[in-house]
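**Student:**
Numbering (our numbering), first residue to last: 72 to 253.
In structure tokens form, the structure reads like this:
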């Protein structure tokens, strides 16, 4: 009598290779998702818009500060800075009234300095190259007799992008509290 040989064909699953395959698939899926998310963020128009907003705000704050700072001892440099910070009708007004204004400041012998307290972009039309900023600042005026006066004010500025830079094209007092904006 011959004995029957039994062949074992069933083999046990190995847990380690299965786990490695599962982890590899999970890592690949995560990498694909993260890459797609990164690509979307890198090519999102909102990032470019935010950068333009930040650039307009920084330029607006600096220009408003420039136009509220003037020293009678270095008048030409201050007035040149005013002109380089502006464009359009505001620029033309500053240029045409420069001599008269310079005489007034020389006579008064004042030193005016401004410090930006805060600022915000109220409107931004990136395609048209126009923006509006609201800037709060503290203006200090020192008279020739040494007297010093501080005044807080809020300015509303309109900016125009010209030559790749934002410049002030209009500037005025912002209404405060319940005051009408007219």
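Built from N, CA and C at the ideal position, the CB exists for glycine as well.
Among 127, 135, 167, 211, which one has its Cα closest to the Cα of residue 226?
**Tutor:** Residue 226 has its Cα closest to that of 135, out of 127, 135, 167, 211.
**Student:** Does the structure place the stretch 172 to 186 close enough to the stretch 144 to 158 that three or more beta carbon pairs sit under 8 angstroms?
**Tutor:** As far as the Cβ criterion goes, the stretch 144 to 158 touches the stretch 172 to 186, which means the pair count is three or higher.
**Student:** Work out the CA separation of residue 184 and residue 213 for me, nearest whole Å.
**Tutor:** Near 9 angstroms, if we compare the C-alpha coordinates of residue 184 and residue 213.
**Student:** According to DSSP, which residues form a beta bridge with residue 229?
**Tutor:** 203, 241, per the DSSP bridge assignment.
**Student:** Can you check which of these residues, 163, 161, 103, 150, is closest to residue 172 by C-alpha distance?
**Tutor:** Among 163, 161, 103, 150, the Cα nearest to that of residue 172 belongs to 150.
**Student:** What did DSSP end up calling residue 247 once you bin it into helix, strand or coil?
**Tutor:** DSSP places residue 247 in coil when its eight states are reduced to three.
**Student:** Contact between the stretch 148 to 164 and the stretch 184 to 194: three or more CB pairs below 8 angstroms?
**Tutor:** Cβ pair count under 8 angstroms is below three, so no.
**Student:** Between the alpha carbons of residue 244 and residue 110, how many angstroms are there, rounded?
**Tutor:** Near 43 angstroms, if we compare the C-alpha coordinates of residue 110 and residue 244.
**Student:** Candidates 117, 115, 176, 194: which alpha carbon is nearest residue 215's?
**Tutor:** Among 117, 115, 176, 194, the Cα nearest to that of residue 215 belongs to 176.
**Student:** Take the Cβ of residue 153 as the centre, count every other Cβ of all protein chains shown within 10 Å, and call the residue buried at 16 or more, exposed below.
**Tutor:** By the neighbour-count rule (16 or more Cβ atoms within 10 Å), residue 153 is buried.
**Student:** Going by the CB atoms, is the gap between residue 210 and residue 137 shorter than 7 angstroms?
**Tutor:** Cβ distance not < 7 angstroms, so residue 137 and residue 210 don't count as in contact.
**Student:** Contact defined as beta carbons within less than 8 angstroms: I believe residue 241 pairs with residue 229. What is the distance between those atoms, to the nearest angstrom?
**Tutor:** With a Cβ gap of about 4 angstroms, residue 241 and residue 229 count as contacting.
**Student:** So residue 196 is in the beta strand (DSSP E); what residue range does that whole segment cover?
**Tutor:** Its beta strand (DSSP E) spans residues 182 to 196.
**Student:** Can you tell me whether residue 100 sits near the ligand NAD, meaning its C-beta is under 6 angstroms from at least one heavy atom of the ligand?
**Tutor:** You won't find the ligand NAD in this model; it holds no ligand whatsoever.
**Student:** Cβ of residue 233 within 7 angstroms of Cβ of residue 158?
**Tutor:** Contact flag set, yes.
**Student:** How is the alpha helix (DSSP H) around residue 216 delimited, first residue to last?
**Tutor:** From DSSP, residue 216 is part of no alpha helix (DSSP H); its letter is neither H nor E.
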